[in-house]
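Below is one structure, written out as structure tokens; comments come after it.
Structural data, given as structure tokens:
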């Protein structure tokens with residue numbers, strides 16, 4: 002995707018191609034920000050850096066603003082250009098992808114808030130599982146954004162395949178956290194936060210998968226018929242691990 | 002909103018008004034299903050009814066299917082009718098609302114899966130807090146769907162105001178669950194599930210609020226400038242309660 006040199010002001014004189022490129026730029030910028038937010042919060046967890054976590058929280062409104070901007074831009078394109086076929090699908094999918102990115106960033110901010118609380122509590126060994134899980138998901142986001150920009154369906158499908166790996170790591174982390182709490186009830190508050198943080202990261206992986214599936218639809222024109230690697234991934238790991 | 006008597010097959014001969022009515026019908030049907038899913042799972046939690054919970058899980062794909070149908074229908078409307086102004090906003094917001102409803106239903110299904118696990122574990126007294134919290138959120142969904150169908154912005158704003166009540170109840174329930182776990186570590190597994198269930202319900206309230214805000218935008222043409230009752234509601238309650 003070519004980087005646009007246009008500002009947001011001159012859009013009345015743009016060509017439709019220029020307008021689509023601007024849309025792609027905004028998605029790329031939003032994706033880059035979401036990815037950076039996750040990277041920063043993982044560093045904050047590892048290094049117990051409250052200030053860095055606070056910066057992640059503070060940067061979230063910028064991403065929300067960008068989502069609003071993309072929304073307004075797509076509605077404008079739909080109204081003025083009345084696009085058809087592939088262009089129409091490109092615009093509508095940009096709207097959906099921006100929604101996914103907003104949620105990814107929202108989860109990163111939520112993890113950051115919990116990190117700040119966590120730093121005030123005694124260290125729990127299982128904390129190390131968070132950046133470990135996070136790094137896999139971070140790669141998924143990076144790769145799915147690359148795939149989206151390049152229109153590379155195979156790369157997107159590879160991202161989707163990794164969701165199973167994330168679920169396995171998440172399940173094992175939840176088990177470890179439950180064992181830690183039972184072992185030492187003084188860790189319950191910290192472990193509760195860690196459990197939600199792990200869940201948030203697992204959800205980020207789901208949103209990366211959603212983007213991969215959207216790209217598939219965008220390029221191939223049909224939805225992925227085969228179900229996801231596992232369909233009930235939001236709960237199944239816990240019951241299995243804990244029941 | 003008038004109930005359409007058209008099937009999905011005869012859309013080539015429909016008027017644009019008829020097509021918009023069909024879109025509204027699909028949204029209303031999806032909203033009704035999401036609301037019914039939450040109601041059913043709350044009954045399953047109260048009555049420890051595993052079969053009912055399993056039915057909620059089983060009904061989730063129907064809602065996903067409806068979201069796909071709405072997506073395809075909106076793309077079709079955008080392509081064939083090239084709508085402008087209010088019609089365009091109506092169609093794009095239907096797309097967004099269907100996304101919110103899909104997530105609401107997804108959370109209900111997640112609660113249902115955890116309910117099935119919970120029924121196999123010793124009863125925890127704090128469980129009663131789940132249907133209590135759920136009922137407030139159920140009313141929010143009901144009211145925001147009414148507001149959406151009627152285009153009633155005031156009603157939507159009233160729904161948005163209730164989100165603070167949900168957060169307060171959620172915070173208090175999380176505190177109770179943490180105290181229960183510390184008190185009796187044998188309840189840790191059950192309380193962990195209850196905590197995620199409470200979080201899911203609180204998130205459903207957020208999605209009801211999103212629909213309210215979308216309706217505001219749809220009717221008034223501007224976004225709500227004033228921030229939500231609280232901006233950081235996804236984490237703040239826990240740190241406050243637990244730190």
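Residue numbers (the working numbering), protein chains in the order written: chain A, 2 to 244; chain B, 2 to 244.
Glycine included, every Cβ here is placed at the ideal spot set by N, Cα and C.
Legend entry - Per-residue burial, residue 100 (chain B) [other beta carbons within 10 Å of its own, 16 or more giving buried]: buried
Inset, instruction - Look at the Cβ atom of residue 129 (chain B), then the Cβ atom of residue 61 (chain B), and state whether they are nearer than 9 Å. - result: no
Inset, instruction - Specify whether the segment 130-142 of chain A and the segment 53-68 of chain A touch according to this definition: at least 3 beta carbon pairs, one from each stretch, less than 8 Å apart. - result: Below 8 Å, too few C-beta pairs join the segment 130-142 of chain A and the segment 53-68 of chain A to call them touching: fewer than three.
Legend entry - Option in B:120, B:90, B:200, B:214 with minimal Cα separation from residue 162 (chain B): B:214
Legend entry - DSSP three-state assignment for residue 125 (chain A), whether helix, strand or coil: coil
Inset, instruction - Whole angstroms is fine: what's the gap from residue 174 (chain B)'s alpha carbon to residue 92 (chain A)'s? - result: 42 Å
Inset, instruction - Would you kindly check if the distance between the Cβ of residue 172 (chain A) and the Cβ of residue 125 (chain A) is under 9 Å? - result: no
Legend entry - Close beta carbons around residue 143 (chain A), own chain, < 8 Å, minus the five adjacent residues each side: 36
Legend entry - Stretch pair the segment 38-51 of chain B + the segment 71-88 of chain B: three plus CB contacts closer than 8 Å: no
Inset, instruction - Would you mind stating whether residue 69 (chain A) and residue 57 (chain A) have Cβ atoms separated by less than 9 Å? - result: no
Inset, instruction - Use the C-beta contact count for residue 223 (chain A): other C-beta atoms within 10 angstroms, 16 or more gives buried, fewer gives exposed. - result: exposed
Legend entry - CB contact check: residue 197 (chain A) to chain B, cutoff 9 Å: yes
Inset, instruction - Kindly confirm or deny that the segment 152-167 of chain A and the segment 176-193 of chain A touch, where touching means at least three C-beta pairs closer than 8 Å. - result: no
Inset, instruction - Determine the closest residue to residue 149 (chain A) out of A:123, A:165, A:127, A:221, with distance taken between C-alpha atoms. - result: A:221
Legend entry - Own chain, CB closer than 6 Å to residue 202 (chain B), minus 5 neighbours either side, in chain order: 134, 135, 138
Inset, instruction - Give the range of the alpha helix (DSSP H) segment to which residue 147 (chain A) is assigned. - result: For residue 147 (chain A), the enclosing alpha helix (DSSP H) begins and ends at 130-151.
Legend entry - Test item: CB-CB of residue 145 (chain B) and residue 216 (chain B) under 9 Å: Yes. Within cutoff.
Legend entry - Closest Cα partner of residue 210 (chain B) within the set B:20, B:193, B:164, B:191: The shortest C-alpha separation from residue 210 (chain B) is found at B:164.
Legend entry - Cβ-heavy atom distance, residue 52 (chain B) to the ligand SAM, below 8 Å: Absence of the ligand SAM is noted for the structure shown, with no ligands found whatsoever.
Inset, instruction - On a CA-only basis, which of B:41, B:33, B:71, B:116 is nearest residue 23 (chain B)? Give me that one, please. - result: B:71
Legend entry - Rounded separation between residue 32 (chain B) and residue 102 (chain B) - CA only: 6 Å
Inset, instruction - With DSSP as the reference, label residue 168 (chain A) as helix, strand or coil. - result: helix
Inset, instruction - Drop a sphere of 10 angstroms on the beta-carbon of residue 17 (chain A), count the other beta-carbons inside from all chains shown, and report buried for 16 or more, exposed for fewer. - result: Sixteen is the threshold: since fewer than 16 other Cβ atoms of the shown chains lie within 10 Å of the Cβ of residue 17 (chain A), the residue is exposed.
Legend entry - Closest by C-alpha distance to residue 112 (chain B), when choosing among B:199, B:34, B:212: B:199
Inset, instruction - Use the C-beta contact count for residue 9 (chain B): other C-beta atoms within 10 angstroms, 16 or more gives buried, fewer gives exposed. - result: Low per-residue confidence applies at residue 9 (chain B): pLDDT is 47, beneath 50, and the placement is therefore not dependable enough to give any value.
Legend entry - Where residue 59 (chain B) falls, given that 16 or more other Cβ within 10 Å makes a residue buried: Exposed: under 16 other Cβ atoms inside 10 Å.
Inset, instruction - Answer yes or no: does any C-beta atom of chain A fall closer than 9 Å to that of residue 76 (chain B)? - result: yes
Inset, instruction - Tell me whether the beta-carbon of residue 116 (chain A) lies closer than 9 Å to the beta-carbon of residue 73 (chain A). - result: Taking 9 Å as the cut-off, the Cβ atoms of residue 116 (chain A) and residue 73 (chain A) do not count as close.
Legend entry - Sequence-distant residues of the same chain with beta carbon closer than 6 Å to residue 170 (chain B), five excluded per side: 134
Legend entry - 9 Å Cβ cutoff met for residue 190 (chain A) and residue 196 (chain B): no
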